[in-house]
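Following my numbering, the numbering of the sequence shown begins with 1 at its first residue and continues without gaps. Comments concern the structure below.
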Amino acid sequence: MTANPFHYGTPVEGVRFTGRERELEALLSRMRNGVNVVLLSPRRYGKTSLLLRAEAELRRGVRPAALVKANVLRSRDLATLVAQLTASAYHVPGGRWHRARQAVPEFLRRLRLRPTVTFDDQGKPAFAFEADLASPDADDVIADLYGLLDEEVGSRPAVLVLDEFQAITAHGAHLPDLLKALADAHPRVSLVVAGSRRHLMERLVTAEGAPLYGMAQKVALGPIPDEVMAAFLRERAAAGARPMGEDAARLTLALAGPVPNDIQHLAYEAFELAGRRIDGAAVLRGLDQAVAHEASAYAEIFAGRPPGQRRVLVALAAGLAQPVFSAAFARAVGLAGSNSVKRAVDALEAEEIVTLRDGRPAVADPFFAAWLRPAAGHEPVD
Ligand SMILES: Nc1ncnc2c1ncn2[C@@H]1O[C@H](COP(=O)(O)OP(=O)(O)O)[C@@H](O)[C@H]1O
Ligand SMILES: [Mg+2]
Numbered sequence: 001m002t003a004n005p006f007h008y009g010t011p012v013e014g015v016r017f018t019g020r021e022r023e024l025e026a027l028l029s030r031m032r033n034g035v036n037v038v039l040l041s042p043r044r045y046g047k048t049s050l051l052l053r054a055e056a057e058l059r060r061g062v063r064p065a066a067l068v069k070a071n072v073l074r075s076r077d078l079a080t081l082v083a084q085l086t087a088s089a090y091h092v093p094g095g096r097w098h099r100a101r102q103a104v105p106e107f108l109r110r111l112r113l114r115p116t117v118t119f120d121d122q123g124k125p126a127f128a129f130e131a132d133l134a135s136p137d138a139d140d141v142i143a144d145l146y147g148l149l150d151e152e153v154g155s156r157p158a159v160l161v162l163d164e165f166q167a168i169t170a171h172g173a174h175l176p177d178l179l180k181a182l183a184d185a186h187p188r189v190s191l192v193v194a195g196s197r198r199h200l201m202e203r204l205v206t207a208e209g210a211p212l213y214g215m216a217q218k219v220a221l222g223p224i225p226d227e228v229m230a231a232f233l234r235e236r237a238a239a240g241a242r243p244m245g246e247d248a249a250r251l252t253l254a255l256a257g258p259v260p261n262d263i264q265h266l267a268y269e270a271f272e273l274a275g276r277r278i279d280g281a282a283v284l285r286g287l288d289q290a291v292a293h294e295a296s297a298y299a300e301i302f303a304g305r306p307p308g309q310r311r312v313l314v315a316l317a318a319g320l321a322q323p324v325f326s327a328a329f330a331r332a333v334g335l336a337g338s339n340s341v342k343r344a345v346d347a348l349e350a351e352e353i354v355t356l357r358d359g360r361p362a363v364a365d366p367f368f369a370a371w372l373r374p375a376a377g378h379e380p381v382d
């Protein structure tokens, strides 16, 4: 059994990563020059993977950057978010505090609020704050960490990365304003916020009047071009000793849609089911398999939507010929008019079940779309 050369669901690095040269250049140059960046895309287009790539790049060379990062969604509360940032700051290679014999005390001396520190078997410290940590103490620590980064500027790039930024206000409504103030106070540190959920990111960063409006360069991740992705699929398939022809690669792209995660997911299933080569038949079976794996989750999502939204989903998946916001479409899905269709689409979009592609609403997950089509052997229509 050869290991499956495709990967999906979690960020990719190394040989599992392809393309994104222009976006990487744009991101790196901002990070190196203290320019703030907002990295935007729907989920699973590759923001975290790109950030990892940039981080690896910044770590190389004579002056490895000082980069502090946290994943906002992975913190259950403000205390754990601040602890994540603190640990990340402590581990910055070449931090001034590491020059002291007692690096941990030297590091802690720089924070106004002391976390508790525990050491694992290897003597690696972990930091924790009281679970009820709140403003203004939490703000002080964030400000201190920002200040630490600022001390590094001059000798090397300094970057603060907040991934899944769309969720930041869950930890405090004031945090966007705090970050704006800190970014203004430390203009040589590059603040990078990455997020999905267009509406939330607009409210935080890109819409006029948003707390971080006008202070960050926008880098948007679109699809990876088909030529790049097709070549990548074929190269990976060959590396897994089950070669894939150009036609099978193109079929994979056509069925999976534009999201890199979905493309790798479908290729993964096709690889599993293929004989010596991944041909078109294997790709089609792969699609069925992916749908089958998720069928119960899809049934649950579907059951959780009101009837009007369900009919809109089925129609979008079927690719009804009428424009979505026409009276004919509304009639076809049994809604009062295009305003009702719009409300249904907006609600589905807010949940990222539906997404805009070339300005037109589409079911975001191609496997869910396949499940919604009657050919899948069940009847989702009520
Ligand atoms: N540059 C890339 N090359 C190949 N696959 C990618 C790339 N970027 C993302 N992917 C695919 O998308 C999946 C999700 O990537 P991730 O970085 O976690 O996305 P995001 O952070 O935007 O949600 C990965 O597991 C991989 O299958
Ligand atoms: Mg991510």
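For glycine and all other residues, C-beta sits at the position ideal for the given N, C-alpha and C.
query                                                                                                                                                            : result
Alpha carbon to alpha carbon, how far is Ser340 from Val324? Give it in angstroms, no decimals.                                                                  : 11 Å
From which residue to which residue does the alpha helix (DSSP H) around Asn339 run?                                                                             : Ser338 to Ala350
DSSP three-state label for Lys180, please.                                                                                                                       : helix
For ligand 1, is there any heavy atom lying closer than 6 Å to the beta carbon of Pro260?                                                                        : yes
For ligand 2, is there a heavy atom less than 6 Å away from the beta-carbon of Thr118?                                                                           : no
Using a 10 Å radius around the Cβ and a threshold of 16 neighbouring Cβ atoms, would you call Val15 buried or exposed?                                           : exposed
Provide the residue span of the alpha helix (DSSP H) that contains Ser190, from first to last.                                                                   : That residue, Ser190, is in no alpha helix (DSSP H); its beta strand (DSSP E) goes Ser190 to Gly195.
Going by beta carbon distance, what residues of the same chain come within less than 8 Å of Ile301, once the five residues before and after it are set aside?    : Ile353 and Phe368
Per DSSP, which one or two residues make a beta bridge with Asn71?                                                                                               : Asp163
Which of the three DSSP states is assigned to Ala238 in this structure?                                                                                          : helix
Determine, using beta carbons only, whether Val333 and Ala347 come nearer to each other than 7 Å.                                                                : no
Would you kindly check if the distance between the Cβ of Arg234 and the Cβ of Ala445 is under 7 Å?                                                               : The chain is shown from 1 up to 382; residue 445 falls before or after that span and cannot be answered.
Spell out the partners DSSP gives Thr116 in its beta bridges.                                                                                                    : Ala128
With a threshold of 8 Å, are at least 3 pairs of Cβ atoms found where one atom belongs to the stretch 147-165 and the other to the stretch 131-139?              : no
May I ask you to report which of helix, strand or coil DSSP gives Pro307?                                                                                        : helix
Who sits around ligand 2, taking every residue whose Cβ is closer than 6 Å to one of its heavy atoms?                                                            : Lys47, Thr48 and Asp163
Between the beta-carbon of Ala66 and the beta-carbon of Leu149, is there less than 7 Å?                                                                          : yes
When burial is assigned at 16 or more other CB atoms within 10 Å of the CB, is Val381 buried or exposed?                                                         : Any answer about Val381 is weak, because its pLDDT of 49 lies below 50 and its placement is not dependable; what the coordinates show is given next. Under this definition Val381 is an exposed residue.
Looking only at its chain, what residues have a beta carbon closer than 7 Å to the beta carbon of Gly280, apart from the 5 residues adjacent to it on each side? : Asp247, Ala248 and Leu251
Which stretch, first to last residue, makes up the alpha helix (DSSP H) that contains Val104?                                                                    : Ala103 to Leu108
Please classify Phe329 as buried or exposed, where buried requires at least 16 other C-beta atoms within 10 Å of its C-beta.                                     : buried
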